[in-house]
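Peer 1:
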Amino acid sequence: MAEAPEEIRPPDEPFRIKVVEAIERLDRAHREEALQRAGLNLFNLSSREVYIDLLTDSGTAAMSDHQWAAMMLGDESYAGSRNFEHFESTVRELTGFPHVIPTHQGRAAEHLLLSLLARPGTIVPNNMHFDTTRAHVLRAGARPVNLAVPEAYDPDSDHPFKGNVDLARLDRLLREQGPEKVPLAMVTITNNTGGGQPVSIENLRAVSERVHAAGRPLYLDMCRWAENAYLIREREPGWSGRSIREIGRAIFDLADGATMSAKKDGLVNIGGFVATRDEALAGRLKEELIVYEGFPTYGGLARRDLEAVAVGLREGADLEFLRYRIGQVRYLADLLVREGIPIFRPVGGHGVYLDAARFLPHVPVSEYPGQSLVVELYREGGVRTVEVGSVMFGDAEPEAGGAPPLELVRLAIPRRVYTGAHLRYVADTVTAVWRRRSEIHGVRMVQVPPRLRHFTARFAPVEPPIPARAGPGRP
Ligand code: PM9
Numbered sequence: 429m430a431e432a433p434e435e436i437r438p439p440d441e442p443f444r445i446k447v448v449e450a451i452e453r454l455d456r457a458h459r460e461e462a463l464q465r466a467g468l469n470l471f472n473l474s475s476r477e478v479y480i481d482l483l484t485d486s487g488t489a490a491m492s493d494h495q496w497a498a499m500m501l502g503d504e505s506y507a508g509s510r511n512f513e514h515f516e517s518t519v520r521e522l523t524g525f526p527h528v529i530p531t532h533q534g535r536a537a538e539h540l541l542l543s544l545l546a547r548p549g550t551i552v553p554n555n556m557h558f559d560t561t562r563a564h565v566l567r568a569g570a571r572p573v574n575l576a577v578p579e580a581y582d583p584d585s586d587h588p589f590k591g592n593v594d595l596a597r598l599d600r601l602l603r604e605q606g607p608e609k610v611p612l613a614m615v616t617i618t619n620n621t622g623g624g625q626p627v628s629i630e631n632l633r634a635v636s637e638r639v640h641a642a643g644r645p646l647y648l649d650m651c652r653w654a655e656n657a658y659l660i661r662e663r664e665p666g667w668s669g670r671s672i673r674e675i676g677r678a679i680f681d682l683a684d685g686a687t688m689s690a691k692k693d694g695l696v697n698i699g700g701f702v703a704t705r706d707e708a709l710a711g712r713l714k715e716e717l718i719v720y721e722g723f724p725t726y727g728g729l730a731r732r733d734l735e736a737v738a739v740g741l742r743e744g745a746d747l748e749f750l751r752y753r754i755g756q757v758r759y760l761a762d763l764l765v766r767e768g769i770p771i772f773r774p775v776g777g778h779g780v781y782l783d784a785a786r787f788l789p790h791v792p793v794s795e796y797p798g799q800s801l802v803v804e805l806y807r808e809g810g811v812r813t814v815e816v817g818s819v820m821f822g823d824a825e826p827e828a829g830g831a832p833p834l835e836l837v838r839l840a841i842p843r844r845v846y847t848g849a850h851l852r853y854v855a856d857t858v859t860a861v862w863r864r865r866s867e868i869h870g871v872r873m874v875q876v877p878p879r880l881r882h883f884t885a886r887f888a889p890v891e892p893p894i895p896a897r898a899g900p901g902r903p
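Note that this note's numbering has the sequence shown beginning at 429, numbered continuously upward.
1. Ignore the nearest five residues each way along the sequence and tell me which others in S668's own chain have a CB closer than 7 Å to its CB.
2. From A596 to R603, what distance separates their C-alpha atoms?
3. Considering Cα atoms alone, identify which of S818, R766 and E674 is closest to V791.
4. According to the Cβ coordinates, are S628 and N592 closer than 8 Å?
5. I think P842 touches A489, with their Cβ atoms under 8 Å apart; what is that distance to the nearest whole Å?
6. Return yes when at least one heavy atom of the ligand PM9 lies under 7 Å from the C-beta of F558, else no.
7. Output the boundary residues of the beta strand (DSSP E) element that contains H527.
8. Can you name, in chain order, every residue of its own chain whose Cβ lies under 7 Å from the Cβ of V780, other than the five neighbours on each side?
9. Quick one: complete beta strand (DSSP E) runs, 3+ long, within the segment 685 to 724?
10. Can you tell me whether K446 is buried or exposed, with buried defined as 16 or more other CB within 10 angstroms of its CB?
11. I'd like the ranges of any beta strand (DSSP E) spanning at least 3 consecutive residues and lying wholly in the segment 640 to 690.
12. Measure the alpha-carbon distance for R938 versus M614 and round it to whole angstroms.
13. Would you decide whether G830 is buried or exposed? Buried here means 16 or more other CB atoms lie within 10 Å of its CB.
14. Quick check on the DSSP output: the alpha helix (DSSP H) that includes E608 runs from which residue to which?
15. Using a threshold of 8 Å, state whether the C-beta atoms of H532 and G727 are closer than that.
16. What residue does the alpha helix (DSSP H) around V854 start on, and which one ends it?
17. Look up I436 in the DSSP assignment and say whether it is helix, strand or coil.
18. If you draw a straight line from the alpha carbon of G569 to that of L541, how long is it in whole angstroms?
19. In three-state DSSP terms, what is I868?
20. With the cut-off set at 8 Å, would you say P572 and H557 are in Cβ contact?
21. Name the residue from D783, G755 and G777 whose alpha carbon lies nearest to the alpha carbon of G768.
22. Cβ atoms of F723 and V528: under 8 Å apart, would you say?
23. Which term fits D649, buried or exposed, when burial requires 16 or more other beta carbons within 10 angstroms of its beta carbon?
24. Taking 7 Å as the line, does the beta carbon of G467 fall inside it for any heavy atom of the ligand PM9?
25. Considering only residues of the same chain and omitting the five flanking positions on each side of H514, which have a CB-CB separation below 8 Å?
26. Within the chosen definition, does the segment 707 to 714 reach the segment 739 to 750 through at least 3 CB pairs nearer than 8 Å?
27. From the DSSP output, which residues share a beta bridge with R838?
28. Using the DSSP secondary-structure output, state which residues sit across from F887 in a beta bridge.
29. Locate the beta strand (DSSP E) running through R571, then write down its first and last residues.
30. Kindly give me the distance between the Cβ atoms of E460 and R807, rounded to whole angstroms, as I take these residues to be in contact under 8 Å.
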């Protein structure tokens, strides 16, 4: 007797639902209209036109009752707010970094840090720069260099830590350029651009030793530090029984500071910070903060937002929450893999990344297979996703990593927002597109912005080649 296929089950939710938000479903004709108006760029859609929004896991989390209650404790004093004290002590306790500077989101933290440390003609290494980090390095006149291990560029490799830094390349860079040309090194945990892949403590320790031996500081991009810690707990020998916060401290002890968008593992809709051990730098960061963001005890946020961050940072490090959160990502991935749909492996922390190059092998890179797939997923089921490939990174200088960008489509899962049934709908949508993949054509970029082009570029369909007409001598 044939064995029944194993059931793929969503993870059990460690919460129940107290407030709901209605979402609309447009029919296919209206979705088509919306696509044309948006210039085939889903950043231009109204959220009313989207059924399931997997554009980003950033700032899209559902806050908990404790976070909403914390918002009511807002002490909106311009200076010396109690909420700042709670926020600061929470970040200090989690990271051990003594100086904590609030910002309205991650890129503001990057702006402050990189405008002070990166100078024209210098180089900033990272495992892989996220797009905003890269933009701030370039804006400071420096060159972003990606040094992820070669496995990071292989969608099929099951390397457990594809976010790791290639130590031989880091050694070479420090030796050939000299430390004076490298004002700081960064490592992004998890590596968002490369599939949400974690970095191991062993690798971080080796990076820290090298960067410090060169007399340079190491800064982490810690947006998804708790997910990274969860994956370390699962995969890295010696860490299996440890708490997320213990693993976090082991990570942060290796670094001099960090930038954070709290919109990810901080479980809030807005907020971020830059933190450092360097007192002199902290003073300069605060001066810049006052010019660009606000007074150092609010940094461009309402004080109630800081209170929500303080609560969210702790909730985001809860093991049961992370088991469910990463379980959701794996549930969606398992449904897709069962259909034979090519995804980037292993499944990372915050989303499933479709391997668009293998999904649409007949669409050349010059016709943006990732963007074409993003458009089809919306057309099919009103699911909004984002391209992480040659649109987002195709204008990167070749030296920014050596390898061409991966051609991925990210299905980012917002935290605590969608149910197992929503994810099943997404899997059905992707499967329907997969089954008609041979009919899908590429797109061309008809409006090309100078930087961060995926946000505002516009596209047009590449017309399918006209089939040869039957005529004399032809069948
Ligand atoms: N990441 C994301 O969707 C939001 C912007 S693109 C739609 O993944 C890293 C690793 C990020 C990141 C944002 C930022 C910037 C820095 N580093 O968006 O400015 O993934 O808070 O953070 C997005 P902010």
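Glycine included, C-beta positions come from ideal geometry on N, C-alpha and C. Just so we're clear, the structure is a prediction, and the values are computed from it rather than from any experiment.
Peer 2: Taking the definition as stated:
1. On the sequence shown, position 240 is the one that residue 668 refers to. Contacts found: R661.
2. In the sequence shown, the residue the question calls residue 596 occupies position 168. In the sequence shown, the residue the question calls residue 603 occupies position 175. So the two alpha carbons sit approximately 10 Å from each other.
3. In the sequence shown, counting from the first residue as 1, residue 791 sits at position 363. Considering only alpha carbons, the answer is S818.
4. In the sequence shown, residue 628 corresponds to position 200, counting from 1. In the sequence shown, residue 592 corresponds to position 164, counting from 1. For S628 and N592, yes; Cβs fall inside 8 Å.
5. On the sequence shown, position 414 is the one that residue 842 refers to. On the sequence shown, position 61 is the one that residue 489 refers to. With a Cβ gap of about 6 Å, P842 and A489 count as contacting.
6. In the sequence shown, the residue the question calls residue 558 occupies position 130. At a threshold of 7 Å, F558 counts as near the ligand PM9, since its beta carbon sits closer than that to one of the ligand's heavy atoms.
7. Taking the sequence shown and counting its residues from 1, the one referred to as residue 527 is at position 99. Looking at the DSSP string, the run of the beta strand (DSSP E) that includes H527 is H527 to T531.
8. Here residue 780 refers to the residue found at position 352 of the sequence shown. Cβ neighbours of V780 beyond the five flanking positions: V757, L760, A761, L764, I771 and L839.
9. Within the segment 685 to 724, the complete beta strand (DSSP E) runs of at least 3 residues are 685 to 689 and 700 to 704.
10. Along the sequence shown, one-based indexing puts residue 446 at 18. Exposed, by the Cβ-count rule.
11. Listed in chain order, the beta strand (DSSP E) runs fully inside the segment 640 to 690 are 646 to 649 and 685 to 689, counting runs of at least 3 residues.
12. The structure shown has nothing for residue 938, since the chain only spans 429 to 903.
13. By 1-based counting over the sequence shown, the position of residue 830 is 402. Confidence is the limiting factor: at G830 the pLDDT is only 49, short of 50, which leaves the residue's position unreliable and the question unanswerable from this model.
14. Working through the sequence shown from its first residue, we reach residue 608 at position 180. Following the DSSP letters along the chain, one finds E608 in no alpha helix (DSSP H), marked with neither H nor E.
15. Position 104 of the sequence shown, counting from 1, holds the residue named residue 532. Position 299 of the sequence shown, counting from 1, holds the residue named residue 727. The beta carbons of H532 and G727 sit closer together than 8 Å.
16. For the purposes of this step, residue 854 is taken as the residue at position 426 of the sequence shown. G848 to R863 is the extent of the alpha helix (DSSP H) around V854.
17. Numbered from its first residue, the sequence shown carries residue 436 at position 8. The answer is coil: DSSP assigns I436 none of H, G, I, E or B.
18. One-based indexing of the sequence shown puts residue 569 at position 141. One-based indexing of the sequence shown puts residue 541 at position 113. If you draw a straight line from the Cα of G569 to the Cα of L541, it comes to about 14 Å.
19. The residue given as residue 868 occupies position 440 in the sequence shown. It is coil, neither helix nor strand.
20. Start at 1 with the first residue of the sequence shown, and residue 572 comes out as number 144. Start at 1 with the first residue of the sequence shown, and residue 557 comes out as number 129. A contact, by the Cβ cut-off of 8 Å.
21. As a first step, residue 768 is located in the sequence shown; it is residue number 340 there, counting from the start. Checked all of D783, G755 and G777; the closest Cα to G768 is D783.
22. Counting from one through the sequence shown, the residue named residue 528 turns up at place 100. Counting from one through the sequence shown, the residue named residue 723 turns up at place 295. Result no, Cβ atoms of V528 and F723 do not sit closer than 8 Å.
23. The count along the sequence shown starts at 1 and reaches residue 649 at position 221. The C-beta of D649 has 16 or more other C-beta atoms within 10 Å across all chains shown, which makes the residue buried.
24. Position 39 of the sequence shown holds residue 467. Distances between the C-beta of G467 and the heavy atoms of the ligand PM9 are all 7 Å or more.
25. As a first step, residue 514 is located in the sequence shown; it is residue number 86 there, counting from the start. Excluding sequence positions up to five before and after H514, its CB lies within less than 8 Å of the CB of L734, E735 and A738, all in the same chain and listed in chain order.
26. Touching, no, given that fewer than three Cβ pairs across the two stretches are closer than 8 Å.
27. One-based indexing of the sequence shown puts residue 838 at position 410. Bridge partners of R838: Y781 and V814.
28. Here residue 887 refers to the residue found at position 459 when the sequence shown is read from its first residue. F887 is bridged to M873.
29. Here residue 571 refers to the residue found at position 143 of the sequence shown. Start and end: R571 to N574.
30. For the purposes of this step, residue 460 is identified with residue 32 of the sequence shown, where counting begins at 1. For the purposes of this step, residue 807 is identified with residue 379 of the sequence shown, where counting begins at 1. Indeed they touch by this definition, with Cβ atoms about 7 Å apart.
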